[in-house]
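J.: The following block contains the structure, expressed as structure tokens.
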Amino acid sequence: MGVVTRPPLPSRLVLLSAILLPASGQVLNRQPGPALMFLLFILLLGGFTRKTAGPDVSVVGKLAGGIFVHAIAIYDAYKVARIRQEVWNAARRSGGPRTVTSFVHGQADGVTPASRTRLRRATSPRTPAPSRPSEAGSGTGDSDTPAT
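The opening residue of the sequence shown carries number 4 in the working numbering; numbering runs sequentially from there.
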């Protein structure tokens, strides 16, 4: 993701675009890969349900697969736009670093994930390691020398 240099598009604009034109929300979110994937599956599943639906099924029923994938694409585009908008707003409010990755990975307070892990390990309750009896004089009777 990298450094955020310009504000993201408003999430409602992305939502409206995604509703009107399939996969355009992903394009506005600068995600061409998912946009192509959603378009491919809209066409594949829409064509599959059209071919397999009976003659007495409505148009919505014949295109149900493509409509379902389109609905998922709308949800995905809005969710990504909303997250980007909130991350941008949080960066502006805090006056801290302007990188999306620093906020996503919790580094906005200056604590890196590695230091969080070290802190977590240092404060977590430790279970004692299983004790191994010493070989000499363990008293278990396993040794070759008889006990005195």
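Backbone N, C-alpha and C define an ideal beta-carbon position, used for all residues, glycine too.
All figures in this text were calculated on a predicted structure; none of them were measured in a lab.
Where does Arg15 land, buried or exposed, given buried means 16+ other C-beta within 10 angstroms?
T.: Exposed, since its Cβ has fewer than 16 Cβ neighbours within 10 Å.
J.: Note the first and the last residue of the continuous alpha helix (DSSP H) segment covering Asn32.
T.: That residue, Asn32, is in no alpha helix (DSSP H); it is neither H nor E in DSSP.
J.: Distance, Cα to Cα, Ala94 vs Val17?
T.: 21 Å
J.: Ordered along the chain, which non-local residues of its own chain (more than five positions away) have a Cβ less than 6 Å from that of Pro37?
T.: Gln29
J.: Taking the alpha-carbon positions, what's the Val60 to Phe51 distance?
T.: Distance between the alpha carbons of Val60 and Phe51 is about 14 Å.
J.: Among the residues of its own chain, which have a CB less than 6 Å from the CB of Arg87, if the five just before and after it don't count?
T.: Cβ neighbours of Arg87 within its own chain (closer than 6 Å, five residues either side excluded): Pro11.
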